[in-house]
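Presented below is the structure to which this report refers.
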Amino acid sequence: MPWPSRKRDKGAVADKKEPDAKIAKTEEETSDKEEEEKSAKPPAGSSKSGWKNWKKTKESESGGEESKITYCHWLLKSEPESRLEKGVDVKFSVDDLKAQPNQTTCWDGVRNYQARNFLRAMKIGQQAFFYHSNCKEPGIVAIVKIVKEAYPDHTQFDQKDPHYDSTSRKENPKWSMVDVQFVRMTKRFIPLSEIKAHHLAHKADGGPLKDMMLFTRQRLSIQPLTQEQFDFVLSLEEEKPH
DNA sequence: GCCAACGTTGGC
DNA sequence: GCCAACGTTGGC
């Protein structure tokens with residue numbers, strides 16, 4: 440089963456403006472216990488990588504509540520260059536996002552449990568970096584915001600869709616999506632190479648990007664950032680290209 | 001295009 | 001429940 444990271448180019452959002460917090464999440468929690476388990480922690484072998492450290496951070500920041508952490512910032516990967524997946528082009532660049540009605544799109548096609556759970560944790564108004572991946576110049580190009588919280592990803596039921604999941608039931612959909620809206624371009628392109636250089640430096644000196652999931656959870660397409668991580672990365676847009 | 005990283009699957 | 005084989009992600 441594919442679990443492509445990014446959304447793909449498809450039409451506008453199904454509904455209109457109204458930022459309905461109501462539709463959010465409903466039927467999950469009940470039956471996907473195992474999945475939540477599986478995905479809510481690092482894989483068995485991977486001792487103390489990203490998740491744990493990040494969780495630790497959040498806990499200490501927020502007064503340490505084990506299960507009630509609220510995440511506030513995100514990074515969303517999307518592929519700006521054409522690539523066929525089951526005959527369908529999954530390209531979706533920031534320009535494609537800006538071309539959508541309302542500059543808004545549903546973030547469909549996520550087929551990884553950990554990424555899905557992060558999608559489900561997103562709240563209206565939260566900001567995310569729009570990251571270009573699998574391309575010539577990987578890096579952050581824009582800021583987007585969540586305008587609709589998690590609801591069932593319709594592409595899981597569409598046999599023609601490259602992300603069709605025959606094991607998902609309508610009564611209990613496995614996969615979710617959110618709607619995101621373009622906010623603004625970053626003042627300059629922030630390349631992965633630059634973020635990584637800071638990450639490496641911070642591993643040595645304990646700086647904010649020390650545990651950034653872009654590097655500790657390499658393949659995760661939807662990832663949370665701490666306030667400190669978000670602020671630090673954003674501060675890079677003010678600097679001279681490195 | 002190569003290939004390291006890593007999530008998933010299935011045999012046992 | 002272990003773990004090798006496999007498939008995908010995504011930087012380079």
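In the working numbering, each residue carries its 1-based index in the first sequence increased by 439. Here a beta-carbon is modelled for each residue, glycine too, at the ideal position from N, C-alpha and C. Computed from a predicted structure; not experimentally measured.
Query: What do you get for residue 639, buried or exposed, if any count of 16 or more other CB atoms within 10 angstroms of its CB means buried?; Result: exposed
Query: I need the DSSP call for residue 484, collapsed to helix, strand or coil.; Result: Any reading at residue 484 must be qualified, since the residue scores a pLDDT of 35, below 50, and its modelled position is unreliable; the value itself is stated next. Residue 484: coil per DSSP, three-state reduction.
Query: Comparing C-alpha positions only, which one of 611, 590, 654, 566 sits nearest to residue 547?; Result: 590
Query: Less than 8 Å between the CB atoms is what I'm expecting for residue 517 and residue 602, so what's the real figure, rounded?; Result: About 14 Å; that fails the 8 Å criterion.
Query: Taking the beta carbon of residue 544 as the centre, do at least 16 other beta carbons fall within 10 Å, making it buried, or is it exposed?; Result: buried
Query: Is the CB-CB distance between residue 617 and residue 558 below 8 Å?; Result: yes
Query: Roughly how many angstroms separate the alpha carbons of residue 525 and residue 599, rounded to a whole number?; Result: 9 Å
Query: Going by alpha carbons, who is nearest to residue 678 out of 642, 627, 643?; Result: 627
Query: Give me the residue from 530, 511, 519, 584 with the minimum Cα distance to residue 623.; Result: 584
Query: Looking only at its chain, what residues have a beta carbon closer than 6 Å to the beta carbon of residue 527, apart from the 5 residues adjacent to it on each side?; Result: 601
Query: Please report how far the alpha carbon of residue 675 lies from the alpha carbon of residue 606, in whole angstroms.; Result: 43 Å
Query: Can you find the residues in the same chain that come closer than 8 Å, C-beta to C-beta, to residue 597, ignoring five residues on each side of it along the sequence?; Result: 603
Query: What is the DSSP secondary structure of residue 611, counted as helix, strand or coil?; Result: strand
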